[in-house]
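*Asks:* The following block contains the structure, expressed as structure tokens.
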Amino acid sequence: MVAVEAALTRKFSECLTKHKTLSDLNKECESKLQELVDDPKGLLGPVEPTLENFGSITAPRLKAFIHVRTFPTYTTDKGPKDWAGWPKKSSAAEAANGDRCLVRLAYDCRDKPCIMQKPVKPVKAMPQQLRHLSATIIRSSTLTFHSDVYTLASSLLADDTWRVKLIAAYRLDSETTVTITESSLGRADYLQKRLIKRLKLGHVSAILILFGYVKDDLECLDETACFLLDNPALFRLVTEEFEEDGVYMYWDTNNMQWIRVGMVALRKFWLRFVEHSKMAQLKSGESGAFYNAYPSKYAKKTVDPALRRGYHENLRQYIALGYPLAKDVKDLVDVFGLKAADNRWIKSMRYRTKNGQAIQLADQQRRAMHYLMECGLKLCLALACDISVNAGWEQATGCYGKD
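According to full-length UniProt numbering, the residues represented by the sequence shown are 1 to 403, in order.
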């Protein structure tokens, strides 16, 4: 076991070194380009680097400049599907003729945000049987709230049919087998009780416990604490390859904490990640709480230091719950037990597309279920760290990109 951990540590150190090398070369390239287009008196207005400027940069720096804007990690394993490998550098003249060369590729990347993310150190997972030892078992037959009776989270977890539907809906390719213990049932009910002051979400409580996202001992935590495990290795890093929508979370690698929950419906996570990265540049002059708290290092305007908690480059976006875009919404309807009354409520929200057109019921249901999970995960964040200011609302209003 010690040898395995040592090997993992060495591997992680190598990953960090490769990541740093690319980051440093990219910074050198950006600095050189800034020197070439510098206009101290501002007589020329906004000036962008030309093909000739890129032609004067060395090949290693050009590769790094392209890499950090094309690939999510230090390798080229998860790049665009049409990636054809590294071409030769060539010259600005050849690039102007349309040749596929480093100069041309770098020039075409000039307005793209940096998407390469820092490697995350693997966290040793605690054995399943040990994770439940410290849990406090709280048994109760019913939970009431405003005279309404809600489904207990433990009753959902104990339902074999419901668990099969859930795993089939969210983890189609998974062979994960889950053992439900008395401690698991107790923790699910206790998490549901702890969410009463925030919101009563029995299905969400059961799902978060089943997937192992919640801390073992919730009883010792106050109402403002984070209920989620501080372990991003439990989740999948958002990359272009995942054709899924659903709920994502942002992890602050500098402060080591979850800071935001969001959702995306009817389009894949990657598109939302790219939108956030572009908005963090603050090019449009507009800003929101998220981008003021985590602006890009290369933002076009200065952010009040009192508002800033870190840089956007410090954040990693992970998939909390992903649902295949090509999959019908029926499985989600079964998992959450939607009834006719629920559909009437969903329709009353009057979801609209960006161009104002109405959305079909199946797509409304999809959005509503993602919204429910987003709200539940948001309620699990530490209040002092949470920067999610409009959970799910932009999906209902059609107003995107503000926060």
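Backbone N, C-alpha and C define an ideal beta-carbon position, used for all residues, glycine too.
Evaluate contact between the stretch 47-65 and the stretch 8-19, counting only Cβ atoms and requiring at least three cross-stretch pairs below 8 Å.
*Replies:* no
*Asks:* Return yes when the Cβ of L102 is within less than 8 Å of the Cβ of V261, no when it is not.
*Replies:* Locating residue 261 in the sequence shown gives position 261, counting from the first residue. Locating residue 102 in the sequence shown gives position 102, counting from the first residue. No.
*Asks:* Suppose you measure from the CA of L62 to the CA of L377; what does that come to, to the nearest Å?
*Replies:* Within the sequence shown, the letter at position 62 stands for residue 62. Within the sequence shown, the letter at position 377 stands for residue 377. Computed Cα separation, rounded: 40 Å.
*Asks:* Give a yes or no on contact between the stretch 153-168 and the stretch 183-192, applying the rule of three or more CB pairs nearer than 8 Å.
*Replies:* yes
*Asks:* On the criterion of 16 or more Cβ atoms from any shown chain inside 10 Å, does T9 qualify as buried, or is it exposed?
*Replies:* Within the sequence shown, residue 9 is the residue found at index 9, counting from 1. When all chains shown are included, T9 counts as exposed.
*Asks:* Could you work out which residue in W83, K89, R367 is closest to V264 when comparing CA atoms only?
*Replies:* Within the sequence shown, residue 264 is the residue found at index 264, counting from 1. If we check each option's Cα against that of V264, R367 comes out closest.
*Asks:* C109 to R272, Cα distance in whole Å?
*Replies:* One-based indexing of the sequence shown puts residue 109 at position 109. One-based indexing of the sequence shown puts residue 272 at position 272. The straight-line gap from Cα to Cα measures roughly 19 Å.
*Asks:* Relative to the C-alpha of L372, which residue among E244, H203, L307, L237 is closest?
*Replies:* On the sequence shown, residue 372 is found 372 positions in, with the first residue counted as 1. With distances taken between Cα atoms, L372 lies closest to H203.
*Asks:* With 16 other CB atoms within 10 Å as the buried threshold, where does L218 fall?
*Replies:* Reading the sequence shown from its first residue, position 218 is the one you call residue 218. Answer is buried; the Cβ neighbour count reaches 16.
*Asks:* Let's test the definition: count the other Cβ atoms within 10 Å of the Cβ of N255 and tell me whether it reaches 16, buried, or not, exposed.
*Replies:* As a position in the sequence shown, residue 255 is number 255, starting the count at 1. Burial call: exposed.
*Asks:* Along the chain, where does the alpha helix (DSSP H) containing P60 start, and where does it finish?
*Replies:* Reading the sequence shown from its first residue, position 60 is the one you call residue 60. Per DSSP, P60 belongs to the alpha helix (DSSP H) from 59-70.
*Asks:* Should the stretch 332-339 be regarded as contacting the stretch 162-169, the criterion being three or more beta carbon pairs within less than 8 Å?
*Replies:* yes
*Asks:* Residue range of the alpha helix (DSSP H) that I209 falls in?
*Replies:* Sequence index remark: in the sequence shown, residue 209 carries index 209 (1-based). That run of the alpha helix (DSSP H) goes 202-210.
*Asks:* In terms of residue numbering, what span does the beta strand (DSSP E) encompassing V333 cover?
*Replies:* Locating residue 333 in the sequence shown gives position 333, where the first residue counts as 1. Element bounds for V333: not the beta strand (DSSP E) but the alpha helix (DSSP H), 330-336.
*Asks:* Would A384 be called buried (16 or more neighbouring beta carbons within 10 Å of its own) or exposed?
*Replies:* Counted from its first residue, the sequence shown places residue 384 at position 384. It counts as exposed.
*Asks:* DSSP puts M249 in a beta bridge; with which residues?
*Replies:* Taking the sequence shown and counting its residues from 1, one reaches residue 249 at position 249. According to DSSP, which records beta bridges pairwise, M249 is partnered with V261, Y318.
*Asks:* I'd like the list of long-range same chain contacts for D99, defined as Cβ closer than 7 Å, with 5 residues on each side in sequence excluded.
*Replies:* As a working mapping, residue 99 is identified with position 99 in the sequence shown. S90.
*Asks:* Give the range of the alpha helix (DSSP H) segment to which Y371 is assigned.
*Replies:* In the sequence shown, counting from the first residue as 1, residue 371 sits at position 371. From DSSP, the alpha helix (DSSP H) with Y371 extends over 361-380.
*Asks:* Could you check the C-alpha separation between F235 and A59 for me, to the nearest Å?
*Replies:* On the sequence shown, position 235 is the one that residue 235 refers to. On the sequence shown, position 59 is the one that residue 59 refers to. Rounded to the nearest angstrom, the two C-alpha atoms are 36 Å apart.
*Asks:* Suppose contacts are defined by Cβ-Cβ distances below 8 Å. Is T253 in contact with R316 by that definition?
*Replies:* Here the question's residue 253 lines up with position 253 in the sequence shown. Here the question's residue 316 lines up with position 316 in the sequence shown. Their beta carbons are under 8 Å apart, which means T253 touches R316 by this criterion.
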